[in-house]
Amino acid sequence: MPVTARRTADLVARRILRTGFQWVSLTTLISLLTVAFFFLRTPQIAEPAYHFSYAAVSLCVLAAALFRYPRSLTRHLDTWDLSALALAGAWACAALSVYYCTNNENTAQKLLLVGFFVFMLGFYSRIGLLLTTLAALFATYAFLMVHGTDAPLLAMLISLSVFPVLLAFFLVTIRKRLVIGERRYVENLRLVRQLEAITRTDELTGLLNRKGFNEALSNALNHVERFGEPLSLVIIDIDFFKHYNDALGHPAGDKCLTQVASLLQNATKRAIDVTARLGGEEFALVLPGSDIEQAAQLAEQIRSAVNGANILHPQSPIAMHVTASYGCAQLHEGDDGEALYRNADKALYFAKQNGRNRVQCFTHQ
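So the working numbering is basically just the index in the sequence shown, starting at one, shifted up by 87.
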C-alpha cells in the first residue's frame, strides 16, 4: 500500500476508533446509572458493592483522562489502549457491584453481556484492543458463574461458551462487513483527495495551477492575520516566450516551461514556500515569512539560475538564451490578496519596461 494510502487508512481507523470510544464511554455511563438504580432499590447493600461502584467511577475518570490526552507509550501501546482497558474494568466493576448489591448473578451477567456487544461494536477496528477488553469482561462473567451459581459444570461451560461463539460470529460476519465498508470509504476518500489535487495542479509542470495558487495565497493571508508575519509575492514572466514558440514550436515551448518550473522548485527550499504556474509563461511564488528584501534576493537567485541554464532562445532581442522578468511585492497593512497581486504585477510591468531580465520591487509611495 502506498504511503499516502496507508496514512489515509490510519487516519480513518483512528477516527473510527475515536467514535468507538465515544460510544463505549456513553454506554459505560449508562451502566453506572444502572448500578445507581439498583442501589436506590436495595434497602441493605453489602459493603463490596460500594467498593466496586467506587472503583467503576474511578476507572471511568481515568479512562476519560487517558483519552483526553493521547500519547504513545511504546511502539504498540498508547494511552487510548489504557483508556479502553479502564472502561472494560469499569464495566466489570459495575457488574460486580450489581451482583453484591442484589445478590443475583443473572442481572450482573446480563449487564456483562450488554457490555460484550458494546465493546465489539466500539473497538472492532483494532482487533488486539477488542480481544483484550472482551477478555476482561469474559473473566468477570466466569467469576460470577463460578461463585454465584451451583449449576453443574456442563451447564456452566455451555453458558460460558456463549461469549466465544458470539465473538466468532461477530468476527466472521459483522466485523468483516464493517472492515470492508471502512476500506471502501478509505479508497473513496483517497480518490476524492486525488481528484482535488488534480484540480489544483498544472498538468504540464506539476506546479500548482491558478486555483491552487489562489487557495495557497488565501491560506498565507490567514496565517499573516493570525501571527503577523511578513508575506511577499513574486510574479515571474518568461521574456519573449511567444517568439520562442514561434521559432522552435510548442513542444519545445512546453519543455522550456518544465525546465523553468524545475528551476523554481529547486530554488524554493522551504516547505512553506509555494510555487505556481498562473498560466502561459507566467509563474508565481508565495513566500510566507519573507519580507521584500528576502523575496528580491530569492528572485535574483532564480534569475541567475535561469540565465545559467542556457536554454537557447534564437528570437530573443536581449540574450541568446531564455530569460525572465520578476516583480516582487510585500503585503502591507490594509492590503488584501488582490492588492498584493496587483502590486507584484506592477513591479513585473516595470521590470519589462526597464529592459527585462531583471528583478523589480514594488515600493509604496
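The C-beta atom is built at its ideal place from N, Cα and C for all residues, glycine as well.
Q. Can you check whether the CB of residue 171 is closer than 8 Å to the CB of residue 210?
A. yes
Q) For residue 156, is the classification buried or exposed, using 16 other Cβ atoms within 10 angstroms of its Cβ as the cut-off for buried? A) exposed
Q | Outcome for residue 130 when other beta-carbon atoms lying within 10 angstroms are tallied against a minimum of 16 | A | exposed
**Q.** Environment of residue 400 [buried if 16+ CB atoms lie within 10 Å]
**A.** buried
Q. For residue 293, does the count of other Cβ atoms within 10 angstroms reach 16, so buried, or fall short, so exposed?
A. exposed
Q. Smallest Cα separation from residue 151: which of 290, 299, 111?
A. 111
Q | Distance between beta carbons of residue 272 and residue 99, contact taken as under 8 Å | A | 6 Å
Q) Taking the C-alpha atoms as reference points, what is the distance between residue 148 and residue 173? A) 9 Å
**Q.** Residue closest to residue 146, alpha-carbon to alpha-carbon, out of 169, 252, 333, 107
**A.** 169
(Q) On the criterion of 16 or more Cβ atoms from any shown chain inside 10 Å, does residue 282 qualify as buried, or is it exposed? (A) exposed
Q. Does residue 395 come within less than 8 Å of chain B when only Cβ atoms are used?
A. Checking the listed chains, one finds no chain B in this structure; it contains a single protein chain.
Q: Take residue 447 and list the residues in its own chain whose beta-carbon comes closer than 6 Å to its own, dropping the five residues that flank it on each side.
A: 414, 434, 437, 438
Q | Sub-8 Å separation of residue 300 and residue 402 beta-carbons | A | no
Q | Candidates 225, 195, 378, 258, of which the one nearest residue 214 by Cα | A | 258
Q: Rounded to whole angstroms, what's the CA-CA distance from residue 136 to residue 312? Just pull it up for me.
A: 57 Å
Q | Extent of the continuous beta strand (DSSP E) run through residue 369 | A | 369 to 375
Q.
Here's a check: name, in chain order, each residue in its chain whose Cβ is nearer than 7 Å to the Cβ of residue 305, leaving out the five neighbours to either side.
A. 424
Q) Secondary structure at residue 131, three-state DSSP: helix, strand or coil? A) coil
Q | Run of the alpha helix (DSSP H) containing residue 379, from where it starts to where it stops | A | 379 to 396
Q: Answer with buried or exposed for residue 97, where buried requires no fewer than 16 other C-beta atoms within 10 angstroms of its C-beta.
A: exposed
Q: Use the C-beta contact count for residue 421: other C-beta atoms within 10 angstroms, 16 or more gives buried, fewer gives exposed.
A: exposed
Q: Would you tell me roughly how many angstroms separate the C-alpha atoms of residue 443 and residue 105, rounded to the nearest one?
A: 57 Å
Q) What's the C-alpha gap between residue 389 and residue 398? A) 14 Å
Q. Anyone know if the C-beta pair for residue 456 and residue 361 falls short of 8 Å?
A. Absent from the model: residue 456. The displayed extent of the chain is 88 to 452, so no value can be given.
Q | Pair within 8 Å by beta-carbon distance, residue 396 and residue 350 | A | yes
Q) Would you call residue 141 buried or exposed, if buried means 16 or more other Cβ atoms sit within 10 Å of its Cβ? A) exposed
Q. What are the boundary residues of the alpha helix (DSSP H) that includes residue 440?
A. 424 to 440
**Q.** Residues that residue 295 bridges to, as DSSP identifies them
**A.** 288, 363
Q. Exposed or buried, which one is residue 204 when buried takes at least 16 other CB atoms within 10 Å?
A. exposed
Q) Does the beta-carbon of residue 280 have 16 or more other beta-carbons within 10 angstroms, so that it is buried, or is it exposed? A) exposed
Q.
For residue 394 and residue 409, I'd like the C-alpha separation in whole angstroms.
A. 7 Å
Q: Please classify residue 128: is it buried, with 16 or more other beta-carbons within 10 angstroms of its beta-carbon, or exposed?
A: exposed
Q. Do the segment 115 to 128 and the segment 176 to 190 touch if we need at least three Cβ pairs shorter than 8 Å?
A. yes
Q. DSSP three-state call for residue 326: helix, strand or coil?
A. coil
Q: Compute the distance between the beta-carbons of residue 324 and residue 212, then report whether it is under 8 Å.
A: no
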